[in-house]
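If you read the sequence shown in the working numbering, its first letter stands for residue 150, the second for the next number, and so on. Glycine residues also receive a C-beta, built at the ideal position from the N, C-alpha and C atoms. One structure is given below, encoded as structure tokens.
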Amino acid sequence: MAGKLLMIRAYDIDDTCQGRRILVDRLWPRGIKKESLEPFEWAKEITPSTQIRKFFAHKAENFEKFSKLYLEELEENPEAEKFKIHVKNILKTENVILIYAAKDPEINHVQVLKKFLQE
């Protein structure tokens, strides 16, 4: 792969962030203007369902179970496989930036998504 698969918080995006920007949150990041992320894609279809997102509630003690549930959702979601192919095609020529809003950079759904995309 010529490009790298990166994870950057929506609140940390600036002009130095080079690559294809893909927002991977179901909900729009609070307080962020659309213009600050442009140009970007919004991949709502591969985000965790409302049910498991609410279960997780960004609590570390729920992360292991949440990760398993989200991975199962990804594996059963035909859009997730299409997204994986899309990302791999982009990575042939440039970086892909997975944009998210979660405060914790280690305990969030994007960690699970990134592992899925790298399989």
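Note the first and the last residue of the continuous alpha helix (DSSP H) segment covering V259.
-> In the sequence shown, residue 259 corresponds to position 110, counting from 1. That run of the alpha helix (DSSP H) goes 258-267.
Within its chain, find whatever has a CB closer than 6 Å to the CB of L223; leave out the 5 residues flanking it on each side and keep chain order.
-> Along the sequence shown, one-based indexing puts residue 223 at 74. Within its own chain, the residues whose Cβ lies closer than 6 Å to the Cβ of L223, once the five positions on either side in sequence are excluded, are A229, F265, listed in chain order.
Give me the Cα-Cα distance between A250 and T242, rounded to the nearest whole angstrom.
-> In the sequence shown, the residue the question calls residue 250 occupies position 101. In the sequence shown, the residue the question calls residue 242 occupies position 93. Those two C-alpha atoms are separated by around 26 Å.
Leaving out five residues on either side along the sequence, give the residues of the same chain with a beta carbon under 8 Å from the beta carbon of E190.
-> If you number the sequence shown from 1, residue 190 lands on position 41. The answer, listed in chain order, is R169, R170, I171, L172.
Which partner residues does Y249 have in the DSSP bridge list?
-> What you label residue 249 is simply residue 100 of the sequence shown in a count that begins at 1. According to DSSP, which records beta bridges pairwise, Y249 is partnered with R158.
Straight-line CA distance for D163 to A209?
-> Stepping through the sequence shown from its first residue, residue 163 is reached at position 14. Stepping through the sequence shown from its first residue, residue 209 is reached at position 60. Spanning the alpha carbons of D163 and A209 requires a straight line of approximately 29 Å.
Return the CA-CA distance between F212 and L186, expressed in angstroms with no decimal places.
-> As a working note, residue 212 is residue 63 in the sequence shown. As a working note, residue 186 is residue 37 in the sequence shown. Rounded to whole angstroms, the gap between the alpha carbons of F212 and L186 is 27 Å.
What runs of the beta strand (DSSP E), each 3 residues or longer, lie entirely inside the region 166-221?
-> Taking only runs of at least 3 residues, the beta strand (DSSP E) segments lying wholly in the region 166-221 are 169-172.
For the alpha helix (DSSP H) holding N244, just list the boundary residues, first then last.
-> Against the sequence shown, residue 244 aligns to sequence position 95. Per DSSP, N244 lies in no alpha helix (DSSP H) segment and is marked neither H nor E.
Closest Cα partner of E159 within the set E194, P178, L240, T165 = Taking the first residue of the sequence shown as position 1, residue 159 is located at position 10. Looking at the sequence provided, one finds Ala at residue 159 rather than Glu. Check the Cα spacing between A159 and each of E194, P178, L240, T165: the tightest is with P178.
When you compare each of P188, G180, L155, K217 to P197 by their alpha carbons, which one comes out closest?
-> Against the sequence shown, residue 197 aligns to sequence position 48. When only C-alpha atoms are compared, the closest one is K217.
When DSSP labels each residue in this structure, what does N238 get in the three-state scheme?
-> Here residue 238 is taken as the residue at index 89 of the sequence shown, counted from 1. In the structure shown, the three-state DSSP call for N238 is helix.
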